[in-house]
Amino acid sequence: SQKIEQNSEALNIQEGKTATLTCNYTNYSPAYLQWYRQDPGRGPVFLLLIRENEKEKRKERLKVTFDTTLKQSLFHITASQPADSATYLCAGNNRKLIWGLGTSLAVNP
Amino acid sequence: SAVISQKPSRDICQRGTSLTIQCQVDSQVTMMFWYRQQPGQSLTLIATANQGSEATYESGFVIDKFPISRPNLTFSTLTVSNMSPEDSSIYLCSVDLAGINNEQFFGPGTRLTVL
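Printed below as a string of structure tokens:
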């Protein structure tokens, strides 16, 4: 079946470092991938969308890559801050969006 | 962008009862979506609510269990019927503003606990 898989283990990093989160897709080829942030008790908030013909996209301290050979997207947060602590969700389009479980990020001061 | 509100924000219900969740958007939208987010599971689409037509349900979800209304372009309701503890979850509505890169805007969610 079509799947979006993300690191299941929480990521703990030191403030100021770069956080890198992974999203892998299997059994299909999404035309685009989206990244969302979700805080406890809140709905997901859209961050970035990257299309399959785009290698990389940036928005302020965020960078997303799309590697169709590896079937993978990487999500980077540079100069991370404690306020970046949240769960980050990856979603790939098909007839509908297929969502990953999310990766929890904790940025320690 | 879109601002979405949901009511109630949380509820604790008894087995066998029903709960109706409301979703209000600050602009007119064609499509509204209802999701379920259970602990340890990814966001799962329940149905797509279109104004003026029946909702489209995903595999595993049926209208008798999750009836949906869409009376106008800014409002929708999802009812969770004849609840059991397995229905305990966060229920989220979202909208997809056509032409804005397919990003979805989500409401804050309704946390439902069924005893």
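One line per chain: the protein sequences are A and B, in this order.
All residue numbers for the first sequence refer to the numbering used here, where the first residue is 1219 and numbers rise by one.
All residue numbers for the second sequence refer to the numbering used here, where the first residue is 3 and numbers rise by one.
Note that beta-carbon positions come from the ideal geometry of N, C-alpha and C, so glycine has one too.
Remember, it's a predicted structure, so these values are computed and weren't measured experimentally.
Check: residue i C-beta below 7 angstroms from any heavy atom of the ligand MG
i: B/Val64; result: The ligand MG is not part of the structure shown, which contains no ligands of any sort.
Inter-residue spacing [alpha-carbon to alpha-carbon] between residue i and residue j
i: A/Val1282; j: A/Thr1296; result: 11 angstroms
i: A/Leu1251; j: A/Asn1326; result: 28 angstroms
i: A/Gln1232; j: A/Asp1302; result: 11 angstroms
i: B/Val27; j: B/Tyr93; result: 16 angstroms
i: B/Leu117; j: A/Ala1228; result: 30 angstroms
i: A/Asp1257; j: B/Asp66; result: 32 angstroms
i: A/Gly1234; j: A/Ser1298; result: 5 angstroms
i: B/Thr81; j: A/Gly1320; result: 27 angstroms
i: A/Arg1269; j: A/Tyr1254; result: 15 angstroms
i: B/Cys95; j: B/Asp13; result: 16 angstroms
i: A/Gly1318; j: B/Leu99; result: 22 angstroms
i: B/Ile6; j: A/Arg1276; result: 27 angstroms
i: A/Lys1314; j: B/Phe107; result: 15 angstroms
i: B/Ala49; j: B/Ser29; result: 20 angstroms
i: A/Cys1308; j: B/Pro73; result: 32 angstroms
i: A/Gly1259; j: A/Leu1266; result: 21 angstroms
i: A/Lys1289; j: B/Ser3; result: 30 angstroms
i: A/Asp1285; j: B/Pro110; result: 32 angstroms
i: B/Ser61; j: B/Leu47; result: 9 angstroms
i: B/Thr115; j: A/Leu1280; result: 36 angstroms
i: B/Gly101; j: B/Val31; result: Only weak support exists for where B/Gly101 lies, its pLDDT of 49 falling under 50; the value from the coordinates is given anyway. Taking the straight line joining both Cα atoms gives about 12 angstroms.
i: B/Ile70; j: B/Thr76; result: 14 angstroms
i: B/Cys15; j: B/Thr112; result: 13 angstroms
i: A/Pro1248; j: B/Ser83; result: 34 angstroms
i: B/Asp89; j: B/Gln43; result: 13 angstroms
i: B/Gln8; j: B/Thr22; result: 11 angstroms
Where residue i meets chain D, residues with beta-carbon distance less than 8 angstroms
i: A/Tyr1250; result: In summary, chain D is missing from the structure at hand, where the protein chains are A and B.
Residues that residue i bridges to, as DSSP identifies them
i: A/Ile1222; result: A/Tyr1243
i: A/Arg1260; result: In the DSSP output, where bridge partners are listed per residue, A/Arg1260 has none listed.
i: A/Glu1274; result: A/Thr1283
i: B/Arg17; result: Paired residues: none, contrary to the question.
i: B/Gln30; result: Looking at the DSSP assignment, B/Gln30 forms no beta bridge with any residue, so it has no partner.
i: A/Leu1229; result: A/Leu1323
i: B/Phe68; result: According to DSSP, B/Phe68 bridges with nothing at all.
i: B/Ala51; result: B/Met34
i: A/Ala1237; result: A/Ile1295
i: B/Gln24; result: B/Lys9 and B/Thr79
Under 7 angstroms from the C-beta of residue i: neighbouring residues of chain B
i: A/Pro1262; result: Phe108
Interface partners of residue i on chain A, CB under 7 angstroms
i: B/Ser44; result: Trp1317, Gly1318 and Leu1319
i: B/Leu94; result: Gly1261
Proximal chain A residues relative to residue i, where beta-carbon distance stays under 8 angstroms
i: B/Leu47; result: Lys1314 and Leu1315
Where are the beta strand (DSSP E) runs, 3 residues long or more, that stay fully inside the stretch 70–111 of chain B, in chain order?
-> 70–74, 77–82, 91–98 and 106–108
What residues from the stretch 103–115 of chain B come within 8 angstroms of chain A, judged by C-beta to C-beta, listed N to C?
-> Asn103, Asn104, Glu105, Gln106, Phe107, Phe108, Gly109, Pro110, Gly111 and Arg113
Going along the chain, which residues of the stretch 1303–1324 of chain A sit with their C-beta nearer than 9 angstroms to a C-beta in chain B?
-> Leu1307, Ala1309, Asn1311, Lys1314, Leu1315, Ile1316, Trp1317, Gly1318, Leu1319 and Gly1320
In the stretch 1290–1327 of chain A, which residue ranges form an unbroken alpha helix (DSSP H) of at least 4 residues, counting only runs that do not cross its ends?
-> none
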